[in-house]
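Taking the working numbering as reference, the numbering of the sequence shown is continuous, increasing by one, and the terminal residue is 613. Working notes for the structure below.
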Amino acid sequence: MFKVSCLLSPICNITIAMRAVIVMLFIIPFFTVNAKVSVNINIEQPQHHYAQLTIVFDKFNREKTSFHLPTWRTGRYEILNLANGIRDFSAVDGNGNSLKWKKIDKDTWQVQETLNKKVKISYQVYANQLGKRTRHIDDSHAFIDASAVVMYSDFSRDQQHLISLSVPAKWQSVSGLDLGAAPHQFIARNYDVLVDSPIETGINEHHKFSVDGRSYELVIWGKGNYDSAKMVTDLKVLVQQSKHIWHSYPFERYVFMVHATSGARGATEHLNSTIIQRSRFKFSSRKDYLGFISTAAHEFVHTWNVKQYRPKGLVPYDYQHENYSTLLWLSEGSTSYLQNQLLLRGELMSSKEFLESLAKRITGYIHKPGRQSQTVAEASFEKWSEEGGDYDKNHSVNIYSEGFLVSWLLDFSIIEKTNLEKSYRDVHNVLYQNHKIPKSFDEADLVAIINEITGEDYQDWWQDNVHGIAEVNFDKLLAKAGLTMSYGSKEKNKQKAWSGIKTKQSSHGLQIIAVEKNSPAWQAGLMLDDIIVAINGLRITGKDLSERLKNFKPKERLRVTYFRRDELDTRMVVLGTTPKDKLKIVPLDQVSKNQKAFFKQWTGIDFPSS
Ligand SMILES: [Zn+2]
């Protein structure tokens, strides 16, 4: 028995004295067993965007203790320098005596003489970052992502946090966090749970519902053209569809937070909640509403993909540095891909709308020169330093859109290899079953999972599509599910002139905002930020170039006069061609039984009747 346990023990071969030291290190905690952190957030005068924080920590057994604010927040893989909104920091011990402190880097306040003392730190936070979904306070509400507001120490990160808010009368506070005993009070099991459970407090609309024994809440801040009764009805349907991918829920309660506002859009996933921001008038038309419910589906998929299982490199989170991974395409692109599973199966998106969105994606891939320059693995790793804009479109891929593409290719490959028995959904179910945090997964784990599901070796596939430039024949791909691409009935004759430029009317004039690599404009040498003033000697104002191009035919020459850094110049553009009509995805003329079955295994719905 001893021999067996000795073989299994990593500390078996070291001396008894060393073993004793190691055991002591594990047994003696840094704090008492019930150590916890009490956080008070005072928002009694919200009109100036300020919050006053006081955080009380139990005794530290260290002479000096560092307190940090994270330098990024979960769900946004970008350094945000969140500590730049902190002022008036101070620290006292349990008796109220001031403690000396100094700032040692941009995110770290080091407090001296903390040995065996309770420590209370206080500081002011300026919260006016609505669109970043980090912290925003005004006279109608506060949105608090704790990673932008609440400091932590490495020695308190595992402790329970009790959060108490002091807010104006009539404000209502909602969060995915457990509720505390008093109003506006929440409990987080540890700091990681706290930063992944934002708090929305203010004047808001609040709905509750339950599905499959789980409680849900919808809280909406802001006026807008939304129909909250319809939102509740559809969210009820949406959340049930997750069972088609994963077979259980990782939460008891889930909160959808919505900001119907101006000047902010986007959404972020959290542990058992999400924050969705939309323009206040972008809820009503079918197109806008589909955008809202698709975002809700995306964020809900994240409750498993990212929050329950996450690539190595992001487990555990390092709040002070970039968390590198070559698999962010799976965290984001596969989430975009799987959101359609929920929408289609719940009939929240029609097959027509699904095929329209797929056609739009394919058009995007066709006009994405960056697909020749970067792999999805590289894009994942480089996400932390992504520039965006013209350069990225021409030289990079996007973890969302190209991550969707690789997920799609993998799904079709698995469906085909398993004779329609399995799909990419099974990969995600295995990740949920076997790689739940605190475990993680890497590329080798994924290849092993796919090998197991298909009975084939996917190493080469992985190399070609994840670490290589995926060459896709879309017609061939779509044909597997009985579909094809079409630009209209007489597509060959329906071509129009194409320059490859995108413009916008800025205060300087008609400004180039994108030039597609290798397009006619690119060949001619036109550049981002050039201000176009004339075409063939005729002034152009207030009109997009595409309007003027309607007067030209493919291969015609265009004399473009423009300002570049206020210097006037001219270039000749030989116009190219582009299909006149939008790309459509339509059923093949002849669709076999097998193709229809393939479509059903892919989408969960019947093949569309033409
Ligand atoms: Zn996402």
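For glycine and all other residues, C-beta sits at the position ideal for the given N, C-alpha and C.
Here residue 371 is not bridged, per DSSP, to any residue. Taking 3 residues as the shortest admissible run, the segment 155-220 contains the following complete beta strand (DSSP E) segments, listed from N- to C-terminal end: 163-169, 175-178, 188-191, 202-205, 208-214.
Residue nearest to residue 543 within the set 281, 513, 517 is 513 (criterion: CA-CA distance).
Secondary structure at residue 135: coil, using DSSP grouped into helix, strand and coil. For residue 112, the uninterrupted beta strand (DSSP E) run begins and ends at 111-114, by DSSP. Ligand 1 approaches residue 338 closely enough that one of its heavy atoms is under 7 angstroms from the residue's Cβ. Just measuring C-alpha positions, the residue of 589, 370, 530 sitting nearest residue 356 is 589.
The Cβ-Cβ distance between residue 230 and residue 351 does not fall below 8 angstroms. Of the candidates 274, 294, 273, 294 places its Cα closest to the Cα of residue 282. Residue 377 and residue 531 have their C-alpha atoms some 21 angstroms from each other. Judged by DSSP in its simplified three-state form, residue 597 adopts helix. Judged by their CB atoms, residue 131 and residue 139 are nearer to each other than the 8 angstroms cut-off. Distances between the C-beta of residue 335 and the heavy atoms of ligand 1 include at least one below 7 angstroms.
Nearest in C-alpha terms to residue 122, of all of 59, 607, 509, is 59. In the three-state DSSP reduction, residue 260 falls in the strand class (E or B).
Straight-line measurement puts the Cα of residue 394 at about 9 angstroms from the Cα of residue 373. By the neighbour-count criterion, in which a residue is buried when 16 or more other Cβ atoms sit within 10 angstroms of its Cβ, residue 585 is exposed.
If you compare the alpha carbons of 477, 483, 201 with that of residue 417, the shortest gap goes to 483.
Here residue 305 really is in contact with residue 338; their C-beta atoms are around 6 angstroms apart, less than 8 angstroms.
Contact check for residue 120 against residue 39 fails: the beta carbons are separated by 8 angstroms or more.
The Cβ-Cβ distance between residue 102 and residue 113 does not fall below 8 angstroms. Contiguous beta strand (DSSP E) elements confined to the segment 267-326 occur at 269-272, 276-282, taking only those with 3 or more residues. Counting every other CB atom within 10 Å of its CB across the protein chains shown gives residue 598 a total of 16 or more, marking it as buried. Residue 190 sits away from residue 179, with the two beta carbons spaced by 8 angstroms or more.
Assignment of residue 423 by DSSP, reduced to helix, strand and coil, places it in the coil class.
Beyond the five residues adjoining it in sequence on each side, residue 403 comes within less than 6 angstroms, by CB distance, of 335, 336, 339 in the same chain, given in chain order. Per the DSSP secondary-structure output, residue 575 pairs in a beta bridge with 562. By alpha-carbon distance to residue 527, the top candidate from 551, 557, 563, 548 is 563. Between ligand 1 and residue 272, a heavy atom-to-CB distance of less than 7 angstroms is present. As a beta-bridge residue in DSSP terms, residue 79 pairs with 76.
Bridge partners of residue 45 according to DSSP: 55, 169. Taking 8 angstroms as the cut-off, the Cβ atoms of residue 435 and residue 450 do not count as close. A straight line joining the alpha-carbon of residue 551 with that of residue 361 spans about 29 angstroms. Here DSSP, grouped into helix, strand and coil, assigns residue 608 to coil. In this structure, the CA atom of residue 267 is about 26 angstroms from the CA atom of residue 324.
The beta carbon of residue 301 sits closer than 7 angstroms to at least one heavy atom of ligand 1.
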